[in-house]
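Protein chains in written order, with our numbering: chain Z, 952 to 1139; chain B, -7 to 396; chain C, 46 to 516.
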C-alpha cells in the first residue's frame, strides 16, 4: 500500500482505485472529471449507466457506422439484383420485368440487415481496439475482479494533470476501497 | 434505464376541449353543404363518397376502442395518459353516433355495393358468395358488430369511472378479464366488418390479410390521434404533469412499431398478389395503379412508411413533445390519403376496366361531415370525465393531488 | 484507505450476491463437479444416439438420392420442407426474446436470452440441413450464392422466393451468431478471470478478445448491442415471412394466401416459446436455477404462447372463412379436402393441439404449474409440426388434375432424419449448457445492481463535484 514512488516513473501506467459499488464508481468518475483529469478510464463488470458520460465521453460513431453499413448493404443488394438480372443475364421469367422491384425487396432487406450487423460488430470491436489480449491495466492489483464484483477507476500517467502523490491522494478521497499503482511491466 | 424523476412542465392553463365543439360544427356545416352539392350531382356519387368519410372516421373510432382494450389487457404505463382520449374516441356514445352515421351507407347500399344488384347478368363468383353477401345477412351482421362494441365499451368505461370514485383497484382486474377475450372478438369482427364495408366493394376480390391490415390501420390512427390530442395540450393541466421524455419515447416507439407493421403488411399483400398475378386478384392493384392513382399510392407509401420511419428512428424526435407531435400529426393526416387510395379507386371505373383519377366534391364533403360530428361528440365526451384516470397506480406520484 | 462509508453495509449483501451470481451461473461451466451428473448425461446420450441416426440417414441419402424419401408427384415437397419450416420457426422465439424484450426494456429477458439465442442458432442449423439435402446435390449448394461468373456464367434467379430464402436464412444465421457471440464477450471475460485451470483460462482468454470492461468500451458495446437487437427484430419477421412466401407467391390453393406472412411469424413464435419452455422447465430444476429463471419468466412465456397461439388460431379461422367467402371453387375444395379428405386426422389433430389445448393457459394456476405447462408445450410442438404437414401435403396431394392425385407418407428415412435432427439439437443444447454460460451473467448483475437500489456515496471530492455541477 505504501510503496508509492514519489518521482514520476515512466513505467507507471496509472493509479487504480477500487470501489465496491457501481454508485461509488459513478460518483468517483464525476468527481475525477470535475477535478480536471482527462485520461481516466472506469472499469466495471457490467455497464454502469452514466459512467462514460461522467468521464466526458459522448461518442456516437457506432450508430452512424451501422447506418452507413446498412445503406451500403441496401445498395449492394439492389445493385446485385439489378445488374445480374437486367444487365449481365436478362431472362424472361413468367413475363415479369427484368427489374421486378417488388420481388427484389426481400433480398435487399436481408442485405441491409447483414451489412448493418457486420458494421455493428466489427465497428464496435475496431473502435474499442479489440481483440487485444494484453493490456497494462490487467497488471492492476485485484483487477481480475473488474469482470466480477468490483469497480475500478484508473487515472493514467499520460494525463497532463497526473502527479504521483497528488493523484494518489485525490483518489483516496473518493471513498475507494483501495488505491494502487499499475505498472507497464508486470512485477508479480 | 434509471428511474428518472421529471419535473412537471409549468402549466399554462387547463386543457379545454370545449373550443373543439364549434370547430366540429363548422366542419359539419361545410361538409354538409358539399355533400348536398354532391347529392345534387348524383346519388351514386354521393353515397360512394360518403363511404369514404365514414370509413376514415370509423377506422379512428375502432382504433380508439381497440387501444382501450389493449390498454386494459397489457396494463402498460405508457398508455395511461391517453386512456381517456381513447375512451372518448371509441366509447359507447361515439359508437352509437357512428352507428347512426352508418345509416346513409345502408340507405345507399345498392349504389355502393354492386353485389346487391339482383338483376345483374349471371356471375358465377357472385352467386357463390351469396351466402355471405346478401342484404339481410349484411344488415344483421351490422347489428351484431355494434351491439358487441357498444356493450363492451360501456362496461369498460363505467368500470374505469367507478375506479376514479371508489379507488377500488379490483376494477382494473375486472377490466382485464373483460378486455382480453374482447380483443379476440374484436379481431374477428374487424376482419368481417371491413370485409363487408370495404373489401366487398370489389366483390370478386379477396385477401386473407385484410383483418390484420385493418388492425394496423386502426392502431396507427388511434395512436397518432391520441398523441396529437395529448401533446397539443402538453403544457396544459393536467397533461403537463405526465408529459416527459419517457412517455413521448414510448409513444414514439409504439408509432414506430405500427409504422413498421404498416409497411410490412402492405408490402406482403402487394408482393403476394403481384407475384401470383391471378386475374381476379390483380385487378385490385391495377385499379390502384392506373392513370394517376399510382402517384397517390407512391405518396402514401413515402409518407406512411419512409418518412415516419426515418423520423421515428431518431431518439431526439421521440424525446421532445413538439417534434413527436408533428410526426404524429403527419401520420394522422397521411391516413386520409391512405384511406382514399384504399376506397376511392374502386368507384372510379372508367372505360374498359380502367380507373380515372379524381377527387369528387362529395369525398371532401363526407370527410368533413362525418368528421364534424365525430369531433363535436369527442370533445363533449372528453369534457365529461377527468382527463387522467386519477387513481391508476401507474400514474406518476403526485398527479391526483394536483388535479383533484 | 478511505473511511468506511455507513452505506457500505447494504452493499456487503450486494457484493456477496454479485459473487453468488457468478458462482451460480459461471461456475457451472468452470467447475464440472457442479454439473448435475446423470441428469446431464442421460439426455446428452439420447441426443448423441439420435445424432448417429441423423448421420446414417444423411449418409444413405447422399449415396442413394432423394428417392429414399417419400416425396412423389404430386407431393414434391414432403418432410424436408415441413421440418425446415418447423425448425426455423422454433428458432424465432430465441431472437424475439432477446431482441424485442431488450428494446422494450423488459428485465425478465435477462435470464433466458442466452439460452434462447443458443436455441435459435442450433435450430437454424437443423433447419438448414433439409433444403440443402433436398437440392439433391448438396455438394454444389454454393450455386445458390451469387458467385456466377466463376462457375456457370449464370446467376441465381432473384425473382424466385427460393433464392430469397437462401438470403434470409443465411443472414439470419449469421446475425444470430454475431448477436450471440457479442453478448457473450463480457461473460467470457468473467470466466477467464474466474478460471483456475490453465485450459479454460486460455480458451476463455482467447474468445473474450481481451475484454476489460472499460466504460468507453461498454458505451460502444451497448450502442452496438441495442441496435443489433433493433435489426434482429425485423429480421425475424422477414425470415419467416420469406419462408411463408415460398408458399404464398405460388398459385396453389392452400398456399396462395396473403395472411401467410404474419400467420407464419406468429406460428413460429408460438412454437419457439414452446421449445424454450420445454428446455427451461427441466433445466432450471436440474441446475438449481429457479431463482434466476423464475416462475414469473415461465408465466410470461406461457402468456406469450397464449397470445401467439390465438393469432395462429385466428389464421386457421380466416383461412376457412375466406375459402368460402372467396367463392373460388378450388379454394373451397381445398378446405373441404383438408377437413374431410384422407388427411382429416392431421387437420383436426392440429386444431386440437394448437387451437384448443392452449386455451387452458387462460388460467393463472395452469400457467404456474410447470408439469402441465410442459405437456402443453409438447402439444404445441406436435401441433405446429402438423400445421406444416397439413399446409404442404393437403395442398399438393389433390391438385388441379384429378388424374394425378396421390397420397404422401414419410418413409423410415424421412422419420430417421427428422428424429435425428432432434437429436442433433439436443446434443448441441446440452453441450452448450456444459461449456458456455447459459445465462447472461453481466446483464443479471446489472439488473441486480438496480434491484439493490442506488444510493450515492458521499465524500468531500464528490460533494465538491456536486456543488460544481449546480453552479
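Yeah, the Cβ is synthetic: ideal placement off N, Cα and C, and Gly gets one too. Here the structure is a predicted model, which means the values were calculated and not measured.
Residue range of the unbroken alpha helix (DSSP H) whose run includes residue i
i, result
"residue 42 of chain B", "35 to 66"
"residue 211 of chain B", "202 to 224"
"residue 1097 of chain Z", "First-last for residue 1097 of chain Z: undefined, no H or E at that position."
"residue 377 of chain B", "First-last for residue 377 of chain B: undefined, no H or E at that position."
"residue 1067 of chain Z", "1052 to 1079"
"residue 202 of chain C", "No alpha helix (DSSP H) holds residue 202 of chain C; DSSP gives it neither H nor E."
"residue 287 of chain B", "285 to 293"
Three-state class that DSSP yields for residue i in the structure shown
i, result
"residue 510 of chain C", "Caution applies to residue 510 of chain C, whose pLDDT of 40 falls short of 50 and renders its modelled position unreliable; the model cannot decide the point."
"residue 1121 of chain Z", "helix"
"residue 79 of chain B", "helix"
"residue 1106 of chain Z", "strand"
"residue 926 of chain Z", "The question about residue 926 of chain Z has no answer, for chain Z in this structure spans 952 to 1139."
"residue 154 of chain B", "helix"
"residue 1047 of chain Z", "strand"
"residue 228 of chain B", "coil"
"residue 6 of chain B", "strand"
"residue 294 of chain C", "coil"
"residue 284 of chain C", "helix"
"residue 432 of chain C", "helix"
"residue 999 of chain Z", "coil"
"residue 53 of chain C", "Confidence in residue 53 of chain C is poor, its pLDDT being 28 and thus under 50, which makes the residue's placement too unreliable to answer from."
"residue 159 of chain C", "helix"
"residue 22 of chain B", "helix"
"residue 993 of chain Z", "strand"
"residue 312 of chain B", "coil"
"residue 386 of chain B", "coil"
"residue 145 of chain B", "helix"
"residue 259 of chain C", "strand"
N- and C-terminal bounds of the beta strand (DSSP E) containing residue i
i, result
"residue 239 of chain C", "Element bounds for residue 239 of chain C: not the beta strand (DSSP E) but the alpha helix (DSSP H), 206 to 239."
"residue 963 of chain Z", "963 to 970"
"residue 280 of chain B", "Residue 280 of chain B -> not in any beta strand (DSSP E); alpha helix (DSSP H) instead, spanning 271 to 281."
"residue 1114 of chain Z", "Taken as a continuous stretch (DSSP letters only), residue 1114 of chain Z belongs to no beta strand (DSSP E), as it is neither H nor E."
"residue 1129 of chain Z", "1129 to 1134"
Chain-order list of residues whose beta-carbon lies under 7 angstroms from that of residue i (same chain, five-residue window excluded)
i, result
"residue 1001 of chain Z", "977"
"residue 128 of chain C", "175, 463, 466"
"residue 417 of chain C", "411"
"residue 149 of chain B", "79, 83, 84"
"residue 285 of chain C", "133, 134, 137, 309, 310, 313"
Whole-angstrom C-beta distance between residue j and residue i, which should lie under 8 angstroms
i, j, result
"residue 322 of chain B", "residue 351 of chain B", "That pair is no contact at about 20 angstroms."
"residue 1007 of chain Z", "residue 984 of chain Z", "6 angstroms"
"residue 70 of chain B", "residue 243 of chain B", "6 angstroms"
"residue 280 of chain C", "residue 216 of chain C", "7 angstroms"
"residue 160 of chain C", "residue 325 of chain C", "7 angstroms"
Residues near residue i in its chain [Cβ-Cβ closer than 6 angstroms; skip 5 each side]
i, result
"residue 1106 of chain Z", "965, 966, 988, 991, 1118"
"residue 56 of chain B", "78, 81, 82, 214"
"residue 454 of chain C", "115"
"residue 425 of chain C", "319"
"residue 358 of chain C", "400"
Cut-off 8 angstroms between Cβ atoms - residues of its own chain near residue i, not counting five sequence neighbours on either side
i, result
"residue 349 of chain C", "314, 318"
"residue 252 of chain B", "301"
"residue 131 of chain B", "98"
"residue 413 of chain C", "340, 343, 344"
Answer yes if the segment 195 to 213 of chain B comes into contact with the segment 254 to 274 of chain B, meaning at least three C-beta pairs across the two stretches below 8 angstroms, and no otherwise. yes
Do the segment 1116 to 1133 of chain Z and the segment 333 to 340 of chain B touch if we need at least three Cβ pairs shorter than 8 angstroms? no
At least 3 beta-carbon pairs within less than 8 angstroms: the segment 292 to 300 of chain B vs the segment 318 to 329 of chain B: yes
The segment 123 to 140 of chain C in contact with the segment 436 to 451 of chain C per 3-pair CB rule at 8 angstroms: yes
Across the segment 218 to 228 of chain B and the segment 144 to 163 of chain B, are there enough close Cβ pairs to call them in contact, namely three or more that are closer than 8 angstroms? no
Would you call the segment 203 to 212 of chain C and the segment 1044 to 1055 of chain Z touching, i.e. three or more CB-CB distances under 8 angstroms? yes
At least three beta-carbon pairs within less than 8 angstroms, the segment 367 to 387 of chain B to the segment 10 to 22 of chain B: yes
Sufficient close CB pairs (3 or more, under 8 angstroms) joining the segment 1024 to 1040 of chain Z to the segment 1051 to 1069 of chain Z: yes
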